[in-house]
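Asks: Under the numbering used here, the first residue of the sequence shown is numbered 180, with each subsequent residue one higher. Next up is a structure, given as structure tokens.
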Amino acid sequence: MSGSGDEEAPGRQAIRKLAPGRLVIASHNPGKVREIEALLGPYGIQPVSAAALDLPEPEETGTTFVANAELKALQAADLSGLPALADDSGLCVDALNGDPGIYSARWAGPGKDFAVAMRRVEDAIAAKGPDASRDAHFVCALALAWPDGHVEWFEGRVDGTLVWPPRGDRGFGYDPLFVPLGHDISFGEMDPEAKHAMSHRARAFAQLVAAVL
Numbered sequence: 180m181s182g183s184g185d186e187e188a189p190g191r192q193a194i195r196k197l198a199p200g201r202l203v204i205a206s207h208n209p210g211k212v213r214e215i216e217a218l219l220g221p222y223g224i225q226p227v228s229a230a231a232l233d234l235p236e237p238e239e240t241g242t243t244f245v246a247n248a249e250l251k252a253l254q255a256a257d258l259s260g261l262p263a264l265a266d267d268s269g270l271c272v273d274a275l276n277g278d279p280g281i282y283s284a285r286w287a288g289p290g291k292d293f294a295v296a297m298r299r300v301e302d303a304i305a306a307k308g309p310d311a312s313r314d315a316h317f318v319c320a321l322a323l324a325w326p327d328g329h330v331e332w333f334e335g336r337v338d339g340t341l342v343w344p345p346r347g348d349r350g351f352g353y354d355p356l357f358v359p360l361g362h363d364i365s366f367g368e369m370d371p372e373a374k375h376a377m378s379h380r381a382r383a384f385a386q387l388v389a390a391v392l
């Protein structure tokens with residue numbers, strides 16, 4: 180197993196390269212699958228989602244983004260017999276001591292309603308008082324696993340601030356809350372191409388592309 184948590188060093192050499200062909204995207208989140216497919220498009224990879232293969236969603240028992248990405252990728256690779264790529268990502272809010280963090284999806288409840296999740300984040304910040312920091316960052320950990328158990332992992336981060344009410348209907352998840360540093364519009368208002376150029380997922384992918392493709 181190898182890995183990198185340094186988003187400023189995308190030239191890290193992977194132990195194993197990824198050959199062109201089919202790659203399982205170990206996610207049942209349609210928005211996340213679309214973003215990953217768009218990022219992989221130019222590299223001769225043929226992505227197929229875990230949902231399309233009827234693969235189960237594992238229980239995310241890890242205590243870090245990397246650990247959860249690894250367990251999802253390893254299960255998908257084992258069950259499909261193909262290389263598998265998993266993403267574990269989330270919103271970390273300074274005033275909430277990093278929450279929702281690895282529990283970002285769970286804050287949306289069993290119905291995965293991110294309007295509910297965004298309201299929970301806002302209410303939790305408001306409960307800290309009027310001077311509570313609105314600084315936050317997104318983290319994305321990518322794990323690329325092969326059926327023999329080998330894993331490569333990469334981690335990216337983007338910093339920003341949170342707005343209320345949510346703005347924009349693009350993106351997915353917490354995107355309408357999050358304005359990246361140096362910008363005045365949220366990820367939810369941004370063209371997908373602009374988001375892909377700077378997001379936590381794009382930064383992790385830049386490492387993956389440099390290392391394994």
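All C-beta atoms, glycine included, are put in the ideal place defined by N, C-alpha and C.
Under a Cβ-count criterion, where at least 16 other Cβ atoms within 10 Å of its own Cβ denotes burial, should Gln-225 be classed as buried or exposed?
Replies: Here residue 225 refers to the residue found at position 46 of the sequence shown. Exposed, since its Cβ has fewer than 16 Cβ neighbours within 10 Å.
Asks: In terms of DSSP beta bridges, what is Thr-340 paired with?
Replies: Translated into the one-based positions of the sequence shown, residue 340 becomes position 161. DSSP, once it has assigned bridges, lists Asp-314, Val-358 as partnering Thr-340.
Asks: Taking a contact to mean a Cβ-Cβ separation below 9 Å, would you say Ser-378 touches Gly-335 in this structure?
Replies: Counting from one through the sequence shown, the residue named residue 378 turns up at place 199. Counting from one through the sequence shown, the residue named residue 335 turns up at place 156. Their beta carbons are under 9 Å apart, which means Ser-378 touches Gly-335 by this criterion.
Asks: Which same chain residues, not among the five before or five after Arg-349, have their C-beta less than 6 Å away from its C-beta?
Replies: Locating residue 349 in the sequence shown gives position 170, counting from the first residue. Contacts found: Gly-367.
Asks: Decide yes or no for the touch test of the region 269-286 against the region 294-310: beta carbon pairs closer than 8 Å, at least 3 of them.
Replies: yes
Asks: Report the residue from Gly-290, Val-245, Gly-280, Leu-261 whose alpha carbon sits nearest the alpha carbon of Phe-333.
Replies: The residue given as residue 333 occupies position 154 in the sequence shown. Cα-wise, what sits closest to Phe-333 is Val-245.
Asks: Comparing alpha-carbon positions, which option in Ala-320, His-207, Cys-271 lies nearest Pro-235?
Replies: Against the sequence shown, residue 235 aligns to sequence position 56. Here the closest residue by C-alpha is His-207.
Asks: Rounded to whole angstroms, how far is the Cβ of Ala-256 from the Cβ of Ala-263, which I believe are closer than 8 Å?
Replies: Translated into the one-based positions of the sequence shown, residue 256 becomes position 77. Translated into the one-based positions of the sequence shown, residue 263 becomes position 84. Rounded, the Cβ-Cβ distance is 4 Å, consistent with contact.
Asks: Return yes when the Cβ of Leu-270 is within less than 9 Å of the Cβ of His-316, no when it is not.
Replies: Within the sequence shown, the letter at position 137 stands for residue 316. Within the sequence shown, the letter at position 91 stands for residue 270. Against a cut-off of 9 Å, the Cβ pair of Leu-270 and His-316 comes out as a contact.
Asks: Sort His-362, Arg-313, Ser-228, Ala-294 by Cα distance to Val-203 and report the nearest one.
Replies: The residue labelled residue 203 in the question sits at position 24 within the sequence shown. Among His-362, Arg-313, Ser-228, Ala-294, the Cα nearest to that of Val-203 is on Ser-228.
Asks: If you measure from the beta carbon of Met-369 to each beta carbon in chain B, is any gap under 9 Å?
Replies: Absence of chain B from the displayed structure is noted, only one protein chain being present.
Asks: Could you give the distance in angstroms between the alpha-carbon of Ala-311 and the alpha-carbon of Arg-298?
Replies: The residue labelled residue 311 in the question sits at position 132 within the sequence shown. The residue labelled residue 298 in the question sits at position 119 within the sequence shown. Their backbone Cα atoms lie some 16 Å apart in a straight line.
Asks: Here's the rule: buried if 16 or more other CB atoms are within 10 angstroms of the residue's CB, otherwise exposed. What is Pro-209?
Replies: The sequence position of residue 209 within the sequence shown is 30, counting from 1. With fewer than 16 other Cβ atoms within 10 Å, it is exposed.
Asks: Tell me the DSSP bridge mates of Ile-224?
Replies: Residue numbering aside, residue 224 sits at position 45 when the sequence shown is read from its first letter. Paired residues: Gly-200.
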